[in-house]
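Enquirer: One line per chain: the protein sequences are A and B, in this order. Read left to right, the first sequence gives residues 1123 to 1513 (the numbering used here). Read left to right, the second sequence gives residues 317 to 572 (the numbering used here). Where a beta carbon is used, it is the ideal one built from N, C-alpha and C, also for glycine.
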Amino acid sequence: MKYPKNGRFGVFGGAFVPETLVPLLEELEEAYKKFKDDDGFKEELRYYLREYAGRPTPLYYAQNLSKRFGCKIYLKREDLLHGGAHKINNTLAQALLAKKMKKKRIIAETGAGQHGVATAMASAALGLECEIYMGLKDTERQKLNVFRMKLLGANVHEVSSGSQTLKDAINEALRDWISNVKDTYYLIGSAVGPHPYPLMVREFQSVIGKEIKKEVELDSNDALIACVGGGSNAIGTFYPFIDSNVKMYGVEAGGEGIESNKHSASLSAGSLGILHGMLTYLLQDEHGQIMDTHSISAGLDYPGVGPEHAYLKEIGRVKYVNVNDQEAVEAFLLLAKYEGILPALESAHALAYATKIAKKHKKIVVTLSGRGDKDVGIIEEYMMKHGIKDS
Amino acid sequence: MVSRIVNLFETKAKHILIGYTVAGYPSLKGSMDVIKAMVNGGVDMLEIGIPFSDPIADGPTIQRASHTALNNGMTPTLALELCENVRKEFDIPLSIMTYSNIPYRIGYDKFVKRAYEAGVDGLIIPDLDLEEAPKLKELLSKNDMNIILLVSPNTSKERIKVISNIATGFIYLVSVYGTTGARKTFEDYTRDAIVKVKRYSKLPLAVGFGISNTEHVRFMLEAGADAVIVGSAFIDAIDKGNVEDFTKELKRACYS
């Protein structure tokens, strides 16, 4: 899968958008094609990734966990990036592209606030205006990130329509873009949305997998594991290995369990449908209405998934599994105790799955997509509620 | 056979009023009363919206109406039953407006078949990927139903030509850069867009989004539109309880 034909990965993807957005997406694709191979653009992006974001990130050999699970476990430390997550890889690249396109105003959606913060950072660094849409429920759950965005100069809009979460924030960002066609760049935060976003975000996040390739040798005995919400850190980890024989696992949020219906596992338990401009797996009811989702990790709490993941599932190249809230919390505590690292709850899902399949592999690389400082309050609450003492 | 929609544009061009309402708003039973009031007031064509949980082309008014309708228990099946009941009472052209996921989830062929059986004449999908349009067109055409496609003020003339070669019935021009919802005034670019679409498309032209009073109706028709589509303003009229009078007022403007 090099360049998707008609914006589709197999049957997945496409551009199911109001007609007003079609010329804007075409303009974006043209600019992307022009600049992705432009030496000046690439050099500038490398500069910002290195000097501003802190790339390359280390691949840390987690020796204590490795000893415990009888398998070499490596952690790709995206959590060490500026802002504390892999999101900055994409926001710097797209903000730079926006600047080349002479757009002055950046809009973005955010769920937990990580993409909002990373967008606000990139916008401030590159001198662009920044407007962030965030569901009202999320602004209440993630007050700290709202304040961080404001400090970084972003204007935060609370979205009170629908379920007041990430999916509604994307709806509202799309509506903003439809209304501001001249000067606005929509900086989408995951490998989702209409073509060319899933492709672009994959390319900009592939720096993760490219670095892993240089940092460790992997073969058919080994595995890559990453969490999947929209799926940007996962596709960035997997894509450079697509043509190899390394095993790959995408870990979705099983929430309170698939059977409880309170989860966000669209690949594991969803059905085909169309949302946010793309044809993909969705959590929806029999009538085609999008359902409310649940995960302890706000970053995975999304009823859809990037179309390329739907394709990789279909062709069987990546195995998609899910891990529930409890397992994720246990993995969080485990990494904190044995390696001294607080992972984002999103990444803790990937780690939890690694501990389950460690015996089957020689080496496992887990992408630690973000750091967990933002989640300590949620962890504390969970431990109190479930009577878990200090680990 | 010629569809009711094609027939309408052949007989009444330049004076056509199309009224939109959300199935299930203000209540499951109340929709029929709204539609009766619209027809009695003089709409020439009905556009019935099947509500979707994530209506990205809609502004606050229709978002709220859709949300209420879904909470009232509206489903695509019930919406098509409503169409069937409308068809029993009126011989008026009738189109469904809904988002891609609704027919996709049910299955295009099954959805079109049910719509046909309910007496629906056309389908409007504001977030349709043009790649999908030929498939839908084939299914619709078999049943003498129309596929009504949208264009926007920023659609290139080349694309207008492509779209109007696929579309049947009429072209739906989105009047403004923005979502649905009442507006105070329209700018010159809307007038320019009407002229552009009329020039590059051979189909009749209906203009919608933001049209909420008699002045707007006259603006669009004077600029060259064959029909105006009024949506959010009807939702407001439902809330005020004056749907029939409001329709009459708009209809008078179509002939002034």
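1. Check this for me: beta carbons of V513 (chain B) and A543 (chain B), under 9 Å apart or not?
2. Of all the alpha helix (DSSP H) runs that stay within the bounds of the segment 1441-1501 of chain A, which reach a length of 4 or more residues?
3. What are the boundary residues of the alpha helix (DSSP H) that I551 (chain B) is part of?
4. Quick check: what's the CA-CA separation for S1354 (chain A) versus L1248 (chain A)?
5. In the structure shown, what three-state DSSP assignment does V1303 (chain A) receive?
6. Using 8 Å as the Cβ pair cut-off and three pairs as the minimum, do the segment 374-384 of chain B and the segment 394-402 of chain B touch?
7. Rounded to a whole number of angstroms, what is the C-alpha to C-alpha distance between L1405 (chain A) and A329 (chain B)?
8. Excluding the 5 residues preceding and the 5 following K1484 (chain A) in the sequence, name in chain order all residues of the same chain whose CB lies nearer than 7 Å to its CB.
9. If I measure Cβ to Cβ from K1155 (chain A) and keep anything under 8 Å in the same chain, skipping five residues before and after, which residues do I get?
10. Between the alpha carbons of G1205 (chain A) and L1219 (chain A), how many angstroms are there, rounded?
11. Should S591 (chain B) be flagged as near chain A, meaning a C-beta pair shorter than 9 Å?
12. Do I366 (chain B) and T337 (chain B) have their C-beta atoms closer together than 9 Å?
13. Short check: CB of I1514 (chain A) to CB of T1142 (chain A), under 9 Å?
14. For the structure I just gave you, are there three or more beta carbon pairs, one from the segment 448-462 of chain B and one from the segment 1143-1152 of chain A, closer than 8 Å?
15. Thinking C-beta only, is I1229 (chain A) closer than 9 Å to I1254 (chain A)?
16. Under DSSP, the beta strand (DSSP E) around T337 (chain B) begins and ends at which residues?
17. Here's the rule: buried if 16 or more other CB atoms are within 10 angstroms of the residue's CB, otherwise exposed. What is K271 (chain B)?
18. Using a beta-carbon distance cut-off of less than 7 Å, what residues from the segment 479-494 of chain B approach chain A?
19. What does S369 (chain B) touch in chain A if you count any residue whose Cβ is under 8 Å from its own?
20. Which residue's Cα is closest to the Cα of G497 (chain B): B:R515, B:Q379, B:Y415, B:H331?
21. Specify the secondary structure class of R1172 (chain A) as computed by DSSP and reduced to three states.
22. On the three-state DSSP scale, how would you describe V318 (chain B)?
23. According to DSSP, simplified to helix, strand and coil, what is Q1286 (chain A)?
24. So the candidates are B:F502, B:T563, B:S369; which of them puts its Cα closest to the Cα of I351 (chain B)?
25. Given this structure, state the Cα-to-Cα distance separating D1447 (chain A) from H1237 (chain A), to the nearest angstrom.
26. State the beta-bridge partners of G375 (chain B) as determined by DSSP.
27. What does DSSP give as the partner residues of G1257 (chain A) in its beta bridges?
28. Quick check on H1385 (chain A) - is its C-beta less than 9 Å from some C-beta in chain B?
29. So, for L1389 (chain A): in the same chain, excluding its five sequence neighbours on each side, which residues have a beta-carbon less than 8 Å away from its beta-carbon?
30. I need the DSSP call for Y516 (chain B), collapsed to helix, strand or coil.
31. Would the beta-carbon of V1517 (chain A) fall within 9 Å of that of I1357 (chain A)?
32. Cα separation between T1415 (chain A) and S382 (chain B)?
33. Please check the pair N1267 (chain A) and V1239 (chain A), which I expect to be a contact at CB under 8 Å, by giving their CB distance rounded to whole angstroms.
34. Following the continuous beta strand (DSSP E) through Y1319 (chain A), name the residue where it begins and the one where it ends.
35. With H, G and I counted as helix, E and B as strand and the rest as coil, what does DSSP make of N388 (chain B)?
36. So which residues on chain A does E397 (chain B) lean against when the C-beta distance must stay under 9 Å?
Expert: In short, the structure shows the following:
1. By one-based count along the second sequence, residue 513 (chain B) stands at place 197. By one-based count along the second sequence, residue 543 (chain B) stands at place 227. For V513 (chain B) and A543 (chain B), no; Cβs fall outside 9 Å.
2. You should have 1447-1461, 1467-1479.
3. Here residue 551 (chain B) refers to the residue found at position 235 of the second sequence. Secondary structure note for I551 (chain B): its alpha helix (DSSP H) is the uninterrupted segment 548-556.
4. Taking the first residue of the first sequence as position 1, residue 1354 (chain A) is located at position 232. Taking the first residue of the first sequence as position 1, residue 1248 (chain A) is located at position 126. Each residue's alpha carbon lies about 23 Å from the other.
5. Here residue 1303 (chain A) refers to the residue found at position 181 when the first sequence is read from its first residue. Of the three classes helix, strand and coil, the one that applies to V1303 (chain A) here is coil, per DSSP.
6. no
7. On the first sequence, residue 1405 (chain A) is found 283 positions in, with the first residue counted as 1. On the second sequence, residue 329 (chain B) is found 13 positions in, with the first residue counted as 1. Just so you know, the alpha carbons of L1405 (chain A) and A329 (chain B) end up roughly 44 Å apart.
8. Taking the first residue of the first sequence as position 1, residue 1484 (chain A) is located at position 362. So the list reads C1193, K1194, N1343, D1344, once near-sequence residues are dropped.
9. If you number the first sequence from 1, residue 1155 (chain A) lands on position 33. Hits under 8 Å: none found.
10. As a working note, residue 1205 (chain A) is residue 83 in the first sequence. As a working note, residue 1219 (chain A) is residue 97 in the first sequence. Each residue's alpha carbon lies about 20 Å from the other.
11. Beyond the ends of chain B as shown, which are 317 and 572, falls residue 591 (chain B); an answer cannot be given.
12. The residue you call residue 366 (chain B) lines up with position 50 of the second sequence. The residue you call residue 337 (chain B) lines up with position 21 of the second sequence. Contact: no.
13. Residue 1514 (chain A) cannot be examined here, being either before or after the span of chain A that is shown, 1123 to 1513.
14. no
15. Looking up residue 1254 (chain A) in the first sequence gives position 132. Looking up residue 1229 (chain A) in the first sequence gives position 107. If you check the CB distance, I1254 (chain A) and I1229 (chain A) come in under 9 Å.
16. One-based indexing of the second sequence puts residue 337 (chain B) at position 21. That run of the beta strand (DSSP E) goes 332-338.
17. Outside the modelled stretch of chain B, which goes from 317 to 572, sits residue 271 (chain B), for which no answer is possible.
18. V490, Y493, G494
19. Locating residue 369 (chain B) in the second sequence gives position 53, where the first residue counts as 1. Chain A residues near S369 (chain B): G1284, Q1411, I1412.
20. Residue numbering aside, residue 497 (chain B) sits at position 181 when the second sequence is read from its first letter. With distances taken between Cα atoms, G497 (chain B) lies closest to B:Q379.
21. In the first sequence, counting from the first residue as 1, residue 1172 (chain A) sits at position 50. In the structure shown, R1172 (chain A) sits in a helix (DSSP, three-state: H, G or I).
22. By one-based count along the second sequence, residue 318 (chain B) stands at place 2. Here V318 (chain B) sits in coil by DSSP.
23. Indexing the first sequence from 1 puts residue 1286 (chain A) at position 164. In the structure shown, Q1286 (chain A) sits in coil (DSSP, three-state: anything other than H, G, I, E or B).
24. Position 35 of the second sequence holds residue 351 (chain B). Ranking B:F502, B:T563, B:S369 by Cα distance to I351 (chain B) puts B:T563 first.
25. Along the first sequence, one-based indexing puts residue 1447 (chain A) at 325. Along the first sequence, one-based indexing puts residue 1237 (chain A) at 115. Approximately 22 Å, taken between the alpha carbons.
26. Position 59 of the second sequence, counted from the start, is the residue given in the question as residue 375 (chain B). None; G375 (chain B) has no bridge partner.
27. What you label residue 1257 (chain A) is simply residue 135 of the first sequence in a count that begins at 1. According to the DSSP secondary-structure assignment, G1257 (chain A) is paired through a beta bridge with A:V1281.
28. For the purposes of this step, residue 1385 (chain A) is identified with residue 263 of the first sequence, where counting begins at 1. H1385 (chain A) is outside the set of residues whose beta carbon lies under 9 Å from a beta carbon in chain B.
29. Here residue 1389 (chain A) is taken as the residue at index 267 of the first sequence, counted from 1. Hits under 8 Å: V1350, G1372, E1374, Y1403, V1427, H1431, A1432, K1435, Y1442.
30. On the second sequence, residue 516 (chain B) is found 200 positions in, with the first residue counted as 1. Helix at Y516 (chain B).
31. This structure gives no information on residue 1517 (chain A), because the portion of chain A shown stretches from 1123 to 1513.
32. As a first step, residue 1415 (chain A) must be located in the first sequence, where it is residue number 293. As a first step, residue 382 (chain B) must be located in the second sequence, where it is residue number 66. Looking at the two C-alpha atoms, the distance is approximately 20 Å.
33. For the purposes of this step, residue 1267 (chain A) is identified with residue 145 of the first sequence, where counting begins at 1. For the purposes of this step, residue 1239 (chain A) is identified with residue 117 of the first sequence, where counting begins at 1. Between V1239 (chain A) and N1267 (chain A) the Cβ distance is about 6 Å, and since that is below 8 Å, they are a contact.
34. As a first step, residue 1319 (chain A) is located in the first sequence; it is residue number 197 there, counting from the start. It is not in any beta strand (DSSP E) - Y1319 (chain A) instead sits in the alpha helix (DSSP H) that spans 1319-1327.
35. As a position in the second sequence, residue 388 (chain B) is number 72, starting the count at 1. In the structure shown, N388 (chain B) sits in coil (DSSP, three-state: anything other than H, G, I, E or B).
36. Along the second sequence, read from residue 1 onward, the residue named residue 397 (chain B) stands at position 81. Per Cβ cutoff of 9 Å: no residues; E397 (chain B) is ~13 Å from chain A at best.
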